[in-house]
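Going letter by letter, the sequence shown gives residues 24 to 269 in our numbering. For every residue, glycine included, the Cβ atom is placed at its ideal position computed from N, Cα and C.
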Amino acid sequence: MELIEAQKISQLERLKRTPTGRHVLRQLGYSTSELAPRELKPIPPEVRARITVSPIPRNMHQEHHAGRRAARAKALHRIYGNNPDTLYTDAADYPAINAKVAAIADWRGEAVTSATIRSGNSTEAEECGIALAISTRPSGNPINIISDSQEACRNYAQGHITPTAYHILQRNRLIPPVRLIWTPGHACFPGNERVHAVARASLSGRQWKTNPNQTRQKVSHSHTHIYYNTTDSPAGHLLCTRATHP
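Now the structure itself:
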């Protein structure tokens with residue numbers, strides 16, 4: 024029975040990735056409200072050429088493949104756990120608003136930076152976390168970025184990401200070589216667990232402000248506004264919000 028259930032879950036996940044697949048799922052009565060097609064933008068060729076996405080292994084369901092997940096997490100920790108050129112990304116929900124925070128931690132588990140993403144879509148926030156991690160290293164040694172979002176990793180591999188992530192990414196196209204690696208979430212990988220804690224901590228005291236006297240530097244884009252909040256958030260925290268244009 025477990026094998027049958029695992030195969031069913033795998034097929035559902037595969038169908039969710041395409042418009043045709045989502046249509047089939049809706050016809051069968053499955054909810055796909057969180058998986059509606061989103062406007063995506065192509066990663067600039069010169070940037071994409073420097074991003075390598077490691078293959079995501081199959082059969083990694085959280086319930087049915089716990090042993091495989093734990094083994095992968097252990098192997099990744101052995102390879103990257105003490106590597107100073109490794110960054111970890113994660114996203115967490117704000118408790119009272121339709122927004123998420125994307126956080127970055129270094130190999131020691133120290134917070135590097137974070138961003139508030141005004142979107143309820145988890146994959147969009149995870150994509151922004153990856154873009155933010157890339158933007159923290161404008162040049163230098165190759166870097167490894169570890170994320171527990173399969174969909175975000177796949178989108179980078181396919182070369183199309185959300186406008187919010189695209190806008191963060193294009194701020195600096197002079198990036199070092201990047202290797203993006205998927206890790207199973209909640210599989211006792213210390214680096215992933217630490218960045219999860221950093222993301223949760225980043226939520227503390229960060230609410231949307233409407234004070235007109237608040238000092239912000241505004242960067243406009245046809246789809247996105249990014250604000251550097253210099254008064255109400257710790258250094259380096261970004262506020263990212265989609266903008267509606269006529």
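If you draw a straight line from the Cα of Q85 to the Cα of C211, it is about 13 Å long. Taking C-beta atoms as the reference points, V218 and A72 fail to come closer than 8 Å. K97: not part of any beta strand (DSSP E); member of the alpha helix (DSSP H) spanning 89-103, first to last residue. Collapsing the DSSP output to three states places L197 in coil.
In this structure, DSSP gives I168 an extended state, which the three-state scheme calls strand.
Taking 8 Å as the cut-off, the Cβ atoms of E149 and A175 count as close. DSSP places I140 in the strand class (E or B) of the three-state scheme.
Here I74 is not near W205, since their CB atoms are 8 Å or more apart. Put simply, the backbone Cα of R81 is about 28 Å away from that of V124. The Cβ-Cβ distance between Y103 and I169 falls below 8 Å. For the options L35, R91, V70, the alpha carbon positioned closest to that of P207 is the one of R91. Contact holds between the stretch 186-198 and the stretch 144-162, because three or more Cβ pairs, one in each stretch, are under 8 Å apart. Around the beta carbon of I66, 16 or more other beta carbons lie within 10 angstroms, which makes this residue buried. For T75, the enclosing beta strand (DSSP E) covers residues 74-76. Taking a C-beta distance under 8 Å as the contact criterion, T146 and S172 qualify as a contact pair.
Taking every protein chain shown into account, the CB of S162 has fewer than 16 other CB atoms within 10 angstroms, so this residue is exposed. When DSSP reads this structure, T43 sits in no beta bridge, so it has no partner. A direct Cα-to-Cα measurement between G143 and A122 gives close to 5 Å. Taking C-beta atoms under 8 Å as the contact rule, L63 and I198 fail to qualify, at a distance of about 20 Å. Within the same chain, D108, P199 come within 8 Å of N164 by CB-CB distance, once the 5 residues on both sides are set aside. Note on geometry: alpha-carbon atoms of A96 and S227 lie some 28 Å from one another. Assigned with DSSP and collapsed to three states, Y117 falls in coil, not helix or strand. Beta-carbon to beta-carbon, A126 and A134 are separated by about 7 Å, close enough to satisfy the 8 Å threshold.
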